[in-house]
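Student: Residue numbers (UniProt numbering): 1 to 396.
Beta carbons are placed, not taken as given, at the ideal position from N, Cα and C, and that holds for glycine.
Predicted model only: the values in this text are computed from it and were never measured.
(1) Going along the chain, which residues of its own chain have a beta-carbon closer than 7 Å to the beta-carbon of residue 224, five neighbours each way excluded?
(2) With DSSP as the reference, identify every bridge partner of residue 156, one or two as the case may be.
(3) I'd like to know whether the C-beta atoms of residue 320 and residue 308 end up nearer to each other than 8 Å.
(4) Residue 154 CB to nearest chain D CB: under 8 Å?
(5) With a Cβ-Cβ cutoff of 8 Å, do residue 375 and residue 327 count as a contact?
(6) Nearest to residue 194 by alpha carbon, out of 339, 121 and 306?
(7) If I measure Cβ to Cβ from residue 429 and keep anything under 8 Å in the same chain, skipping five residues before and after, which residues do I get?
(8) Output needed for residue 350: all residues of its chain with C-beta closer than 8 Å, excluding positions within five of it in sequence on either side, in chain order.
(9) How do the region 199-210 and the region 128-148 stand: do at least 3 beta-carbon pairs fall below 8 Å, yes or no?
(10) Does DSSP put residue 137 in a helix, a strand or coil?
(11) Is the region 352-363 in contact with the region 29-40, if contact means three or more CB pairs nearer than 8 Å?
(12) Using C-beta distances below 6 Å, list every residue in its chain close to residue 347, excluding the 5 sequence neighbours before and after it, in chain order.
(13) If we count the other Cβ atoms within 10 Å of its Cβ and call it buried at 16 or more, is residue 154 buried or exposed?
(14) On the three-pair Cβ rule with 8 Å, is the region 184-193 touching the region 141-151?
(15) Tell me which residues share the same chain as residue 93 and place their Cβ nearer than 8 Å to its Cβ, disregarding the 5 neighbours each side in the sequence.
(16) Start and end of the beta strand (DSSP E) containing residue 323?
(17) Identify which residue in 387, 53, 330 and 147 has its Cα closest to the Cα of residue 85.
(18) Return the chain-ordered ranges of every beta strand (DSSP E) run that is complete within the region 58-93 and spans a minimum of 3 residues.
(19) Which residues mark the beginning and the end of the beta strand (DSSP E) in which residue 228 is found?
(20) For the region 292-303 and the region 384-391, state whether three or more C-beta atom pairs, one from each stretch, are separated by less than 8 Å.
(21) Identify every residue that forms a DSSP beta bridge with residue 385.
(22) Could you have a look at residue 203 and say whether DSSP puts it in helix, strand or coil?
(23) Only counting the same chain, and skipping five residues up and downstream in sequence, which positions put a Cβ closer than 6 Å to that of residue 209?
(24) Out of 170, 104 and 160, state which residue places its alpha-carbon closest to the alpha-carbon of residue 179.
(25) Suppose the cutoff is 6 Å on Cβ atoms and the five residues either side in sequence are ignored; what does the same chain contact list for residue 385 look like?
(26) What residue from 83, 353 and 305 has the CA that sits closest to residue 342's CA?
(27) What do you reckon, are the CB atoms on residue 292 and residue 69 nearer than 8 Å?
(28) Ignore the nearest five residues each way along the sequence and tell me which others in residue 251's own chain have a CB closer than 7 Å to its CB.
(29) Can you tell me the Cα-Cα spacing of residue 15 and residue 42, whole angstroms?
(30) According to DSSP, is residue 193 part of a helix, a strand, or is it coil?
(31) Considering Cα atoms alone, identify which of 204, 147 and 247 is closest to residue 266.
(32) If you follow the beta strand (DSSP E) that residue 249 is in, where does it begin and where does it stop?
(33) Looking at the structure shown, is residue 264 part of a helix, part of a strand, or coil, going by DSSP?
(34) With DSSP collapsed to three states, give me the class of residue 16.
(35) With residue 175 as the anchor, note down where its beta strand (DSSP E) starts and where it stops.
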């Protein structure tokens with residue numbers, strides 16, 4: 001834009017406006033939509049929001065679509081605009097534009113299995129809306145709601161703390177027009193060892209819960225699957241009244257990704273005046289590290305800047321926060337220079353993820369050609385790595 005001033009002036013005030021970012025929403029289904037945030041102007045930290053079907057907070061997932069993969073977004077504001085204890089709008093920050101795509105998904109049926117406690121197996125499940133609910137023993141599991149001659153005896157199904165009425169039809173629990181905006185619970189008594197499986201059908205949605213009643217002490221044999229410990233098991237400590245001790249086990253896991261396991265300790269006490277107690281149970285899932293990487297722009301002229309950014313997560317979507325990462329250009333390590341704000345090979349500043357598992361660094365290249373930009377990280381001996389190609393050209 002050119003301004004022509006025909007006379008001498010002491011001061012000029014120029015105001016200009018840039019167009020606001022836009023959002024395009026595409027409804028994939030009643031419980032899933034895609035949001036594309038875009039602008040011809042480069043913006044950072046854009047407040048983004050969308051209205052959704054009223055749902056419980058735990059049923060809502062927001063994903064950022066990057067290079068054909070979905071990255072879970074965890075820094076979300078959940079809005080209940082009509083104060084009915086259901087979420088109908090979410091807000092989040094889009095870190096940069098010009099064009100970013102998100103996907104919001106509401107889980108209509110979500111099942112979480114909890115291993116047996118005191119002989120009973122509890123399955124927690126959440127649903128959205130109203131539909132017929134059927135619960136059936138499958139994959140060789142046999143159950144009854146009357147006797148204890150099979151693998152399981154069905155005890156009850158609840159919505160929150162309320163025990164619900166049901167029909168027993170063809171060896172299935174059936175509840176017509178089931179609607180529950182709290183967590184639902186199915187509880188069975190475990191009568192045999194081994195793996196048991198239940199099928200949950202809610203409208204057109206199907207989910208499965210499994211429980212392995214074969215539990216025991218973790219092996220101390222190296223290489224044992226799915227776990228072994230390098231520590232003594234069991235361990236001992238001697239205590240007097242009012243004393244305590246802390247015992248630690250390091251466990252090595254081998255198994256399928258995303259497989260959850262429940263860990264707990266059992267205490268046996270020699271003194272007959274003390275009741276045996278178990279520790280608090282913790283759930284651990286076998287995971288790996290995933291790194292996303294984007295170059296912006298992916299093609300630059302010599303000595304122009306390019307940014308490398310992305311997220312470092314576990315494979316179940318949890319961000320790896322405030323963690324060191326390594327960035328390489330053609331296998332040469334680059335470090336952060338706080339003075340220039342760029343990456344170079346002569347500085348020593350750390351490159352890290354932030355509190356959301358996000359990283360974003362800028363660098364340039366003084367030589368032309370095809371460059372390989374590599375990002376990697378190590379956490380508890382688990383290595384994650386990602387590469388992207390950068391084209392550097394000379395206009396002369």
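Tutor: Inspection of the coordinates gives the following:
(1) Counted from its first residue, the chain shown places residue 224 at position 224. Hits under 7 Å: none found.
(2) Counting from one through the chain shown, the residue named residue 156 turns up at place 156. 187.
(3) As a first step, residue 320 must be located in the chain shown, where it is residue number 320. As a first step, residue 308 must be located in the chain shown, where it is residue number 308. No, they are not a contact pair.
(4) This model lacks chain D altogether, as it is built from one protein chain only.
(5) Numbered from 1 along the chain shown, position 375 holds the residue referred to as residue 375. Numbered from 1 along the chain shown, position 327 holds the residue referred to as residue 327. Yes. Within cutoff.
(6) Within the chain shown, numbered from 1, the residue matching residue 194 stands at position 194. Minimum Cα distance to residue 194 is reached at 121.
(7) Lying before the first or after the last residue shown, residue 429 is absent from the chain, which here runs from 1 to 396.
(8) Here residue 350 refers to the residue found at position 350 when the chain shown is read from its first residue. Excluding sequence neighbours, residue 350 sits near 324, 335 and 336.
(9) yes
(10) Taking the chain shown and counting its residues from 1, one reaches residue 137 at position 137. Residue 137: strand per DSSP, three-state reduction.
(11) no
(12) Within the chain shown, numbered from 1, the residue matching residue 347 stands at position 347. Counting only Cβ-Cβ distances below 6 Å, and skipping sequence neighbours, we find 335 and 337.
(13) One-based indexing of the chain shown puts residue 154 at position 154. Buried: at least 16 other Cβ atoms inside 10 Å.
(14) yes
(15) Within the chain shown, residue 93 is the residue found at index 93, counting from 1. 45, 46, 47, 48 and 75, listed in sequence order.
(16) Within the chain shown, residue 323 is the residue found at index 323, counting from 1. Segment: none, residue 323 is in no beta strand (DSSP E) and carries neither H nor E.
(17) In the chain shown, the residue the question calls residue 85 occupies position 85. It is 53 whose Cα lies nearest to the Cα of residue 85.
(18) 60-66, 69-73 and 77-79
(19) Translated into positions along the chain shown, residue 228 becomes position 228. Element bounds for residue 228: 227-229.
(20) yes
(21) In the chain shown, counting from the first residue as 1, residue 385 sits at position 385. Residue 385 is bridged to 376.
(22) Locating residue 203 in the chain shown gives position 203, where the first residue counts as 1. It is coil, neither helix nor strand.
(23) Counting from one through the chain shown, the residue named residue 209 turns up at place 209. If we look at residue 209 and ignore the five residues flanking it on each side, its Cβ neighbours are 111, 113, 123 and 198.
(24) By 1-based counting over the chain shown, the position of residue 179 is 179. For the residues 170, 104 and 160, the minimum Cα distance to residue 179 belongs to 160.
(25) Counted from its first residue, the chain shown places residue 385 at position 385. Counting only Cβ-Cβ distances below 6 Å, and skipping sequence neighbours, we find 376.
(26) One-based indexing of the chain shown puts residue 342 at position 342. Answer by Cα proximity: 305.
(27) Your numbering for residue 292 matches position 292 in the chain shown. Your numbering for residue 69 matches position 69 in the chain shown. The answer is yes: Cβ separation under 8 Å.
(28) As a first step, residue 251 is located in the chain shown; it is residue number 251 there, counting from the start. Excluding sequence neighbours, residue 251 sits near 218, 227 and 229.
(29) Here residue 15 corresponds to residue number 15 of the chain shown, with the count starting at 1. Here residue 42 corresponds to residue number 42 of the chain shown, with the count starting at 1. Taking the straight line joining both Cα atoms gives about 19 Å.
(30) Here residue 193 is taken as the residue at index 193 of the chain shown, counted from 1. Reduced to three states, the DSSP call for residue 193 is coil.
(31) Residue 266 sits at position 266 when you count from the first residue of the chain shown. For residue 266, the nearest C-alpha among the options comes from 247.
(32) Your numbering for residue 249 matches position 249 in the chain shown. Counting along the chain, residue 249 falls outside any beta strand (DSSP E), and DSSP gives it neither H nor E.
(33) For the purposes of this step, residue 264 is taken as the residue at position 264 of the chain shown. Reduced to three states, the DSSP call for residue 264 is coil.
(34) Here residue 16 refers to the residue found at position 16 when the chain shown is read from its first residue. In the structure shown, residue 16 sits in coil (DSSP, three-state: anything other than H, G, I, E or B).
(35) Within the chain shown, the letter at position 175 stands for residue 175. Residue 175 -> beta strand (DSSP E) spans 172-178.
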